[in-house]
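Residue numbers (the numbering used here), protein chains in the order written: chain A, -8 to 192; chain B, 93 to 518.
Just below is one structure, and these are the notes that go with it.
Set out below in structure tokens:
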């Protein structure tokens, strides 16, 4: 467990840098080299499981978005974390790993859906958790916790009734507060108080 | 040319009857009508609310007769934004949300989450706490697999199995209620410990439950394992090769059924699993039948682990007593001592104080590896938390696995994968 030699990676691939980590070996990889590095990870280093693909939004910092990948080797029982910064803050793009690991398919769709990172080369990059016409990427830091009112995709109902279909208001838990009033005032678990329903952040 | 027609599932019977009478009429007709029938495909939608899909999974399929040509799973019907919620509350406040990930094994989720945060804090909990957590995890695994096997039997047409396994599960819930105060949404762990110590005589009752569940397993074994109908429906159906399973990032019993020896309790032992002696069952063929055998055997191994832990149950504290900035002090002391009162106040208002850093921890949960990736900038609230739900990865294979099977195999394949939409959609 965790007897993985990071100097071997660093000497073999000169574009890698070491990443700060509290547990497993972590490496920074430039976005352009990701496919090359991950291919050799699978074929030479035996990291046969792509456990997780996600991204971090650093809000005002540059680079704003960092894609994070977790690999596991069934042979040596080691974990490896690989991070790749997105060069563009406004239109973040990373290469898709779907050609190397089939698992990347849904994970990348999810990251695209919630974080708005486009994966170049993905065969079917569409939303997976939110509905297709949803306009936002809710895990971004500038998206408010209470959400933004969005019409639900029910054109047929809207056409017949002339009414807009919106999601039912839901007060969160686990510490339930009273049902009336603004969520930002009544919901104690919503710690972010810099916004309210009237003026978004 | 292929034609596509939309029909709803409820019309299947009527349509089958119509097709049958049409076919009767066409028997005497010329050969070209046969080729026309062969080329017609039909769009079929199953779910999001359908007993087969065990939750709110929706499958959009293209059928040629009974043969499935294409299958596209649609998710998100149970998406609650757990990760966003986690970024806006303290670490302890998120524990109840973990109940609702894999809601068939809430205790195992509680433990996995607490351990991920403790890893960030670099905190080791006392042995007694680890022992309590191990028993809860294994009981949760038994509970989840009992449901998995029971419902799977029901999917394949064996109703009785479900009755037997659910009776046992009911007894488990009584044990959970004694331990945590809740039957279903347990919220039992806290960062740095568990909510309360085990009640008097609880270990004895766990022991007698273990004896009972082994008896029931024998009965289930008699009803299913050599059951001609069950075998006909599962052997050789939904075969997932080793390479496919790895490529799609499958974990847990589904991966092991395909012959990959990966069990985090053995390979990256956490808590006290390295001191326990147990076997990890590995499948040979990766078909639906193997996935059933996997779960049945894992229940037996869990029972063995529980017995070993009870056999040398450690004394001591059920929480990390020296972690004053993480675990809340005892209520009696909060009301009588100034220092504890301040401690409690800080914990409730600011949350458990964590160092900066990035950690990824996963635990071997009943459905597979449940992972938490936590990015902390310090303080009591995570900056980013990603939850890796094993069911999400296990389901991603569906669009490759299902085509080529018959419509009736859907129930068996979905039942054998034993997924839960709570942790899939998060």
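The beta-carbon is built from N, C-alpha and C at its ideal position, and this holds for glycine as well.
Closest Cβ-Cβ distance between residue i and chain A: below 7 Å?
i	result
residue 338 of chain B	yes
residue 162 of chain B	no
residue 225 of chain B	no
residue 452 of chain B	yes
residue 476 of chain B	yes
residue 424 of chain B	no
residue 100 of chain B	Unreliable placement is indicated for residue 100 of chain B, whose pLDDT of 43 sits below 50; the coordinate value is still reported in the next sentence. No - not a single Cβ of chain A is within 7 Å of the one on residue 100 of chain B.
residue 355 of chain B	no
residue 368 of chain B	no
residue 463 of chain B	yes
residue 383 of chain B	no
Please work out which residues of its chain come closer than 8 Å, Cβ to Cβ, to residue i, disregarding the five sequence neighbours upstream and downstream, and give them in chain order.
i	result
residue 54 of chain A	76, 77, 78 and 80
residue 485 of chain B	340, 341, 342, 343 and 460
residue 96 of chain A	89, 113, 114 and 115
residue 306 of chain B	392 and 395
residue 120 of chain B	The pLDDT assigned to residue 120 of chain B is 42, lower than 50, so where the model puts this residue is not dependable; a value taken from the coordinates is nonetheless given after this. Nothing listed; no residue qualifies.
residue 425 of chain B	432
residue 164 of chain B	151, 152, 153 and 491
Kindly list the residues whose CB is nearer than 7 Å to the CB of residue i, restricted to its own chain and excluding five residues on each side of it in sequence; keep chain order.
i	result
residue 161 of chain B	133, 154, 155 and 495
residue 258 of chain B	242
residue 512 of chain B	147, 194, 195, 196, 459 and 483
residue 451 of chain B	208, 211, 212 and 466
residue 166 of chain B	150 and 152
residue 350 of chain B	332, 333, 334, 337, 375 and 378
residue 275 of chain B	265, 268 and 269
residue 470 of chain B	446, 447 and 448
Whose C-beta lies closer than 6 Å to the C-beta of residue i among residues of the same chain, with five residues either side of it excluded?
i	result
residue 6 of chain A	21 and 24
residue 272 of chain B	278 and 280
residue 188 of chain B	279
residue 183 of chain B	209, 283, 443 and 444
residue 130 of chain A	105 and 106
residue 8 of chain A	19
I want to see whether chain B comes within less than 7 Å of residue i, judged by CB atoms only; does it?
i	result
residue 127 of chain A	no
residue 133 of chain A	no
residue 94 of chain A	yes
residue 43 of chain A	yes
residue 32 of chain A	no
residue 67 of chain A	no
residue 88 of chain A	no
residue 9 of chain A	no
State buried or exposed for residue i, treating a residue as buried only when at least 16 other CB atoms are found within 10 Å of its CB.
i	result
residue 173 of chain B	buried
residue 251 of chain B	exposed
residue 82 of chain A	exposed
residue 346 of chain B	buried
residue 158 of chain B	exposed
residue 448 of chain B	exposed
residue 255 of chain B	exposed
residue 520 of chain B	No information on residue 520 of chain B is available, as it lies outside the stretch 93 to 518 that chain B covers here.
residue 267 of chain B	buried
residue 322 of chain B	buried
residue 320 of chain B	exposed
residue 3 of chain A	exposed
residue 176 of chain B	buried
residue 94 of chain A	buried
residue 427 of chain B	exposed
residue 222 of chain B	buried
Am I right that residue i and residue j are in contact with their C-beta atoms under 8 Å? What's the rounded C-beta distance?
i	j	result
residue 332 of chain B	residue 489 of chain B	7 Å
residue 207 of chain B	residue 455 of chain B	6 Å
residue 68 of chain A	residue 37 of chain A	About 11 Å; that fails the 8 Å criterion.
I'd like to know whether the C-beta atoms of residue i and residue j end up nearer to each other than 7 Å.
i	j	result
residue 212 of chain B	residue 466 of chain B	yes
residue 194 of chain A	residue 44 of chain A	The structure shown does not extend to residue 194 of chain A, since chain A spans only -8 to 192, so no value can be given for it.
residue 517 of chain B	residue 170 of chain B	yes
residue 110 of chain A	residue 85 of chain A	yes
residue 402 of chain B	residue 309 of chain B	no
residue 238 of chain B	residue 262 of chain B	no
residue 410 of chain B	residue 289 of chain B	yes
residue 46 of chain A	residue 108 of chain A	yes
residue 42 of chain A	residue 15 of chain A	no
residue 220 of chain B	residue 361 of chain B	no
residue 253 of chain B	residue 312 of chain B	yes
residue 514 of chain B	residue 192 of chain B	yes
residue 33 of chain A	residue 91 of chain A	yes
residue 387 of chain B	residue 249 of chain B	no
residue 245 of chain B	residue 316 of chain B	yes
residue 383 of chain B	residue 508 of chain B	yes
Taking 6 Å as the cut-off, is the CB of residue i close to at least one heavy atom of the ligand MG?
i	result
residue 402 of chain B	The ligand MG is absent from the structure shown, which contains no ligand whatsoever.
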